[in-house]
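Going by this note's numbering, the sequence shown opens with residue 204, and the numbers climb by one from there.
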Amino acid sequence: MAHLLPAPERKQEPRRETPAPTPRGAVRARGLGRTRRERDIEDIAEDGERYRLFPPRPSGQLEDDFLELIRALEQEFDRYFARTKVADKVGRAILVGVTTGSRAEAEASMDELAELAASSDLEVVERIVQRRQRFDPRTLVGSGKLRDLIIHALRLQADFIVVDQNLSPAQARNIAEATDIKVIDRSQLILDIFARRARTHEGKIQVELAQLKYLLPRLMTRGDNGLSRLEGGVGGRGPGEQKLEIDRRRVRDRIRALERQLVAERRRREQRRSRRRERDVPVVSLVGYTNAGKSTLLNLLTRSEVFVEHRMFATLDPTSRRLRLPREREVVINDTVGFIRDLPPDLMAAFRATLEEIEDSDLVVHVVDVSHPDFEAHIRAVHRILAELGYEEIPRLLVINKIDRVAPERLPSRIEGADVVPISALHGRGIENLLHRIDDRLPARRGFPSIYPLDQPNATS
Numbered sequence: 204m205a206h207l208l209p210a211p212e213r214k215q216e217p218r219r220e221t222p223a224p225t226p227r228g229a230v231r232a233r234g235l236g237r238t239r240r241e242r243d244i245e246d247i248a249e250d251g252e253r254y255r256l257f258p259p260r261p262s263g264q265l266e267d268d269f270l271e272l273i274r275a276l277e278q279e280f281d282r283y284f285a286r287t288k289v290a291d292k293v294g295r296a297i298l299v300g301v302t303t304g305s306r307a308e309a310e311a312s313m314d315e316l317a318e319l320a321a322s323s324d325l326e327v328v329e330r331i332v333q334r335r336q337r338f339d340p341r342t343l344v345g346s347g348k349l350r351d352l353i354i355h356a357l358r359l360q361a362d363f364i365v366v367d368q369n370l371s372p373a374q375a376r377n378i379a380e381a382t383d384i385k386v387i388d389r390s391q392l393i394l395d396i397f398a399r400r401a402r403t404h405e406g407k408i409q410v411e412l413a414q415l416k417y418l419l420p421r422l423m424t425r426g427d428n429g430l431s432r433l434e435g436g437v438g439g440r441g442p443g444e445q446k447l448e449i450d451r452r453r454v455r456d457r458i459r460a461l462e463r464q465l466v467a468e469r470r471r472r473e474q475r476r477s478r479r480r481e482r483d484v485p486v487v488s489l490v491g492y493t494n495a496g497k498s499t500l501l502n503l504l505t506r507s508e509v510f511v512e513h514r515m516f517a518t519l520d521p522t523s524r525r526l527r528l529p530r531e532r533e534v535v536i537n538d539t540v541g542f543i544r545d546l547p548p549d550l551m552a553a554f555r556a557t558l559e560e561i562e563d564s565d566l567v568v569h570v571v572d573v574s575h576p577d578f579e580a581h582i583r584a585v586h587r588i589l590a591e592l593g594y595e596e597i598p599r600l601l602v603i604n605k606i607d608r609v610a611p612e613r614l615p616s617r618i619e620g621a622d623v624v625p626i627s628a629l630h631g632r633g634i635e636n637l638l639h640r641i642d643d644r645l646p647a648r649r650g651f652p653s654i655y656p657l658d659q660p661n662a663t664s
């Protein structure tokens, strides 16, 4: 009798799922089986936010909550368009420094950039320093590093990336095309601070002139969305939203008009200086690195109330006051805008008329914040700027301020071969000695006749 044997069972092989096709334009990471876009999103999602990639699927298999998806998309759109608008409030910033030198020098420069950011009401959330053999001509930091910075900024919800170097117009355009986050350089940050600090008509003219000269080579084609991210500094101050749409010709016309106004202001300033020279009144000018304490010293010496704030460039507009020295000699003492390393050339040119007050000085009192760890570099920077302006031959008196913050044994008695006068403008220490030293350095027998009245009491030039 024949028996039917059961057919041998076939071993079922595990079902292989067909991998989703790579989206157009994405690049598979070698050996990882993930697209670069997938890896970017995983990087951003480290903080627990929910992100999902949807591969192509038939519509009948979709079971997602589309109402939730639409709400999430609307939130992302809101974040995107908020970043593309000119900000007018405090923002979060990542500071980026690129150096071909030592890391110590780069960190010192980054400390100063952090002070500038604070003066512009930015909250610094991260500091990044990159060392390179040479600067990348397209993006300064290189395309790979730029991509990492953008991802890092998104993760930290930063509104700005502030670069310590000055970006060329081409670099600014290339970066603007790569991200919607606003990227500003050192010059823009300083221009932004000056725009906020300018109070006089002349000061506002000078700032707008410098901003327009900075803007001119960076103007893009009309309607380019990158333009709004390039101009206007941190808060869009200065030229403003409407003026960003004007073309190069109109910018040049405005520059010429502002330059004519500055020439008129310079003539008026020269007339005031001529009246002082006719009275043979000695002139003393306070100069120094920004936030060195010049305005505090002026207030103490002349019992004035010039605006003082512990911020960089708190004083922008020049001020002149009368001062009586111990031997009953009267002089005019000028407070000038603070200096800084790598001052934008256009800003230096615009404020040259203001700094011409130094030209007629019989003595330059160089005020130094001796408590700053980099004060010697600040001294060299001020000397360099005075030389560029052609004022290196004017006699100088070196005054080290804020000695109350430094241990006595660490105070220098001489700097670069010059005697120093130690003071604390905040607490009034060393002021009598300073007044005698100023009196000794001025030309003999000048300033003894009374200079009252000047153009007006406590005249401000």
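Even for Gly, the Cβ is constructed at its ideal location relative to N, Cα and C.
> Tell me which same chain residues have a C-beta within less than 7 angstroms of the C-beta of T342, skipping the five on either side of it?
Replying inline: Reading the sequence shown from its first residue, position 139 is the one you call residue 342. Closer than 7 angstroms at the Cβ level, and outside the excluded window around T342, lie L349, Q374, N377 and I378.
| Alpha carbon to alpha carbon, what distance is there between E468 and S564? | Numbered from its first residue, the sequence shown carries residue 564 at position 361. Numbered from its first residue, the sequence shown carries residue 468 at position 265. S564 and E468: Cα-Cα distance of roughly 19 angstroms.
Under 8 angstroms by Cβ, that's how I've got L319 and T499 pegged, so tell me the actual separation to the nearest angstrom. Position 116 of the sequence shown, counted from the first residue, corresponds to residue 319. Position 296 of the sequence shown, counted from the first residue, corresponds to residue 499. 20 angstroms between Cβ atoms; not a contact.
Tell me the DSSP bridge mates of Y492?
Residue mapping note: residue 492 aligns to position 289 of the sequence shown, counting from 1. DSSP output for Y492 lists F542 as bridge partner(s).
Cβ-Cβ separation, V534 to V484 (assumed contact under 8 angstroms), whole Å: In the sequence shown, residue 484 corresponds to position 281, counting from 1. In the sequence shown, residue 534 corresponds to position 331, counting from 1. Indeed they touch by this definition, with Cβ atoms about 7 angstroms apart.
### Message
Within a Cβ cutoff of 6 angstroms, which residues of the same chain sit near L419, ignoring the five residues on either side of it in sequence?
### Response
Reading the sequence shown from its first residue, position 216 is the one you call residue 419. Only V454 meet the Cβ criterion.
What three-state label does DSSP hand E619 in the structure shown?
The residue given as residue 619 occupies position 416 in the sequence shown. Assignment of E619 by DSSP, reduced to helix, strand and coil, places it in the coil class.
Problem - L394 to Q414 span [Cα, whole Å] - result: As a working mapping, residue 394 is identified with position 191 in the sequence shown. As a working mapping, residue 414 is identified with position 211 in the sequence shown. Those two C-alpha atoms are separated by around 7 angstroms.
Check your understanding: Roughly how many angstroms lie between the CA atoms of R306 and P576, to the nearest whole one?
Key -> Counted from its first residue, the sequence shown places residue 306 at position 103. Counted from its first residue, the sequence shown places residue 576 at position 373. Each residue's Cα considered, the two are about 16 angstroms apart.
Review point. Helix, strand or coil for S322 per DSSP?
Key: Working through the sequence shown from its first residue, we reach residue 322 at position 119. The DSSP-derived three-state label of S322 is helix.
* Mark G347 as exposed unless 16 or more other C-beta atoms lie within 10 angstroms of its C-beta, in which case mark it buried. => As a working mapping, residue 347 is identified with position 144 in the sequence shown. By the neighbour-count rule (16 or more Cβ atoms within 10 Å), G347 is not buried but exposed.
Considering only C-alpha positions, which residue in the set Y417, Y594 and P547 is nearest to S488? In the sequence shown, the residue the question calls residue 488 occupies position 285. Checked all of Y417, Y594 and P547; the closest Cα to S488 is Y594.
* Secondary structure at A628, three-state DSSP: helix, strand or coil? -> By one-based count along the sequence shown, residue 628 stands at place 425. Coil, per DSSP.
Cut-off 7 angstroms between Cβ atoms - residues of its own chain near S323, not counting five sequence neighbours on either side
In the sequence shown, residue 323 corresponds to position 120, counting from 1. The residues are L392, D395, I396 and V437.
* To do: Flag this pair as yes or no: are the beta carbons of N736 and A460 separated by less than 8 angstroms?
  => Residue 736 cannot be examined here, being either before or after the span of the chain that is shown, 204 to 664.
Looking at the unbroken alpha helix (DSSP H) that takes in R524, where does it start and where does it end?
Within the sequence shown, the letter at position 321 stands for residue 524. Careful: R524 lies outside any alpha helix (DSSP H), inside the beta strand (DSSP E) at T522 to R527.
Run through DSSP, which three-state label would R330 get? Here residue 330 refers to the residue found at position 127 of the sequence shown. In the structure shown, R330 sits in a strand (DSSP, three-state: E or B).
Query - CB of G491 within 8 angstroms of CB of V570, strictly - result: Locating residue 491 in the sequence shown gives position 288, where the first residue counts as 1. Locating residue 570 in the sequence shown gives position 367, where the first residue counts as 1. Contact: yes.
With 16 other Cβ atoms within 10 Å as the buried cut-off, status of G429
Translated into positions along the sequence shown, residue 429 becomes position 226. Annotation note: pLDDT 41 at G429 (below 50); position unreliable, coordinate value reported separately. The residue is buried, with at least 16 neighbouring Cβ atoms inside 10 Å.
**Prompt:** If you check the beta carbons only, do R295 and E326 fall under 8 angstroms apart?
**Reply:** In the sequence shown, counting from the first residue as 1, residue 295 sits at position 92. In the sequence shown, counting from the first residue as 1, residue 326 sits at position 123. Contact flag set, yes.
If you draw a straight line from the alpha carbon of R674 to that of S371, how long is it in whole angstroms? The chain is shown only over 204 to 664; residue 674 falls outside these bounds and no answer can be derived.
* In whole angstroms, what is the alpha-carbon distance linking S507 and R402? -> As a working note, residue 507 is residue 304 in the sequence shown. As a working note, residue 402 is residue 199 in the sequence shown. For S507 and R402, the distance between alpha carbons rounds to 18 angstroms.
Measuring CA to CA, which of R475, V466, R472 and T539 is closest to L501? In the sequence shown, the residue the question calls residue 501 occupies position 298. Nearest of R475, V466, R472 and T539 to L501, Cα basis: T539.
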